[in-house]
Amino acid sequence: EAGVTQSPRYAVLQEGQAVSFWCDPISGHDTLYWYQQPRDQGPQLLVYFRDEAVIDNSQLPSDRFSAVRPKGTNSTLKIQSAKQGDTATYLCASSLLGDTQYFGPGTRLLVL
Amino acid sequence: GQQVQQSPASLVLQEGENAELQCNFSSTATQLQWFYQRPGGSLVSLLYNPSGTKHTGRLTSTTVTKERRSSLHISSSQITDSGTYFCAMATGGNNKLTFGQGTVLSVIP
């Protein structure tokens, strides 16, 4: 069974540029999560979906970040105008009915 | 918001020694998961253990829900066990995992 896949694996941007991250969850998993993990810290939840619905996006900086999961399968996280403080690894995870979360390899973002 | 405290922050062991990692949290956990991460690597789920004791291989997790704590015991540590161990919990029946800051384990020959 394939795990959670993410792309790209790395991204380097200048401040003000936009970037999108893509996630393909484990087949059949109804719940999908996006986390931000700054260097040497634990991951912090940004947003999560059950099927196509946003369940919680209270930690998502709404002025520059957006996330969608239109068909309840793949998801895209977009940063509209990146800042240096956005430098982190962005992790996608999925689960079935809120059980064990399985993480993808992450996208390492560097904003110069 | 809920808080998760892990101890120790770092630990150095000789190969073959046992490790005991602790996790304390501010609210009653309905989900509790232990993860492992190599430097630059992704998070690997080790154990899902919201209550009681669970085993897998050389790992044992014990969660005492009423006391808001969980532990991860690693027996006969190996050099390849080196990395960061995270505890994460959710409360109130939702799926919002809150992570601790991690314990960095170094196993030396």
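Protein chains in written order, with the working numbering: chain P, 1175 to 1286; chain H, 9 to 117. We put the CB at the ideal spot given by N, CA and C, even for glycine.
Consider the C-beta atom of residue i and the heavy atoms of the ligand ADP; say whether any pair is separated by less than 7 angstroms.
| i | result |
| --- | --- |
| T1205 (chain P) | In the structure on display, the ligand ADP does not appear, and there are no ligands present to speak of. |
Let's test the definition: count the other Cβ atoms within 10 Å of the Cβ of residue i and tell me whether it reaches 16, buried, or not, exposed.
| i | result |
| --- | --- |
| T1281 (chain P) | buried |
| T64 (chain H) | exposed |
| A17 (chain H) | exposed |
| Y1184 (chain P) | exposed |
| Q86 (chain H) | exposed |
| L1271 (chain P) | exposed |
| G110 (chain H) | buried |
| G100 (chain H) | exposed |
| N103 (chain H) | buried |
| S114 (chain H) | exposed |
Put residue i into one of helix, strand or coil per three-state DSSP.
| i | result |
| --- | --- |
| E1226 (chain P) | coil |
| G91 (chain H) | strand |
| G1259 (chain P) | helix |
| K104 (chain H) | coil |
| T1281 (chain P) | strand |
| T73 (chain H) | helix |
| L1286 (chain P) | coil |
| L1234 (chain P) | coil |
| A98 (chain H) | strand |
| A1267 (chain P) | strand |
| V112 (chain H) | strand |
Can you tell me the Cα-Cα spacing of residue i and residue j, whole angstroms?
| i | j | result |
| --- | --- | --- |
| I1229 (chain P) | S1268 (chain P) | 14 angstroms |
| E1291 (chain P) | E25 (chain H) | Because residue 1291 (chain P) is not part of the residues shown, which for chain P are 1175 to 1286, the question remains open. |
| G48 (chain H) | T1247 (chain P) | 27 angstroms |
| R66 (chain H) | Q45 (chain H) | 17 angstroms |
| L1234 (chain P) | A37 (chain H) | 23 angstroms |
| Q1258 (chain P) | S84 (chain H) | 42 angstroms |
| I116 (chain H) | V20 (chain H) | 7 angstroms |
| T70 (chain H) | L1187 (chain P) | 43 angstroms |
| T88 (chain H) | G60 (chain H) | 27 angstroms |
| T1250 (chain P) | D1260 (chain P) | 16 angstroms |
| Q1180 (chain P) | A96 (chain H) | 22 angstroms |
| G1202 (chain P) | S50 (chain H) | 21 angstroms |
| L1284 (chain P) | G9 (chain H) | 29 angstroms |
What residue range is occupied by the uninterrupted beta strand (DSSP E) comprising residue i?
| i | result |
| --- | --- |
| V12 (chain H) | 12-15 |
| A1241 (chain P) | 1239-1242 |
| A1185 (chain P) | 1184-1187 |
| R77 (chain H) | 77-82 |
| I1253 (chain P) | 1249-1253 |
| Q1275 (chain P) | From DSSP, Q1275 (chain P) is part of no beta strand (DSSP E); its letter is neither H nor E. |
| L40 (chain H) | 39-45 |
| K62 (chain H) | 60-64 |
| N32 (chain H) | 27-33 |
| D1198 (chain P) | 1193-1198 |
Please confirm whether residue i has its beta-carbon closer than 8 angstroms to some beta-carbon of chain C.
| i | result |
| --- | --- |
| Y56 (chain H) | The structure shown contains no chain C; its protein chains are P and H. |
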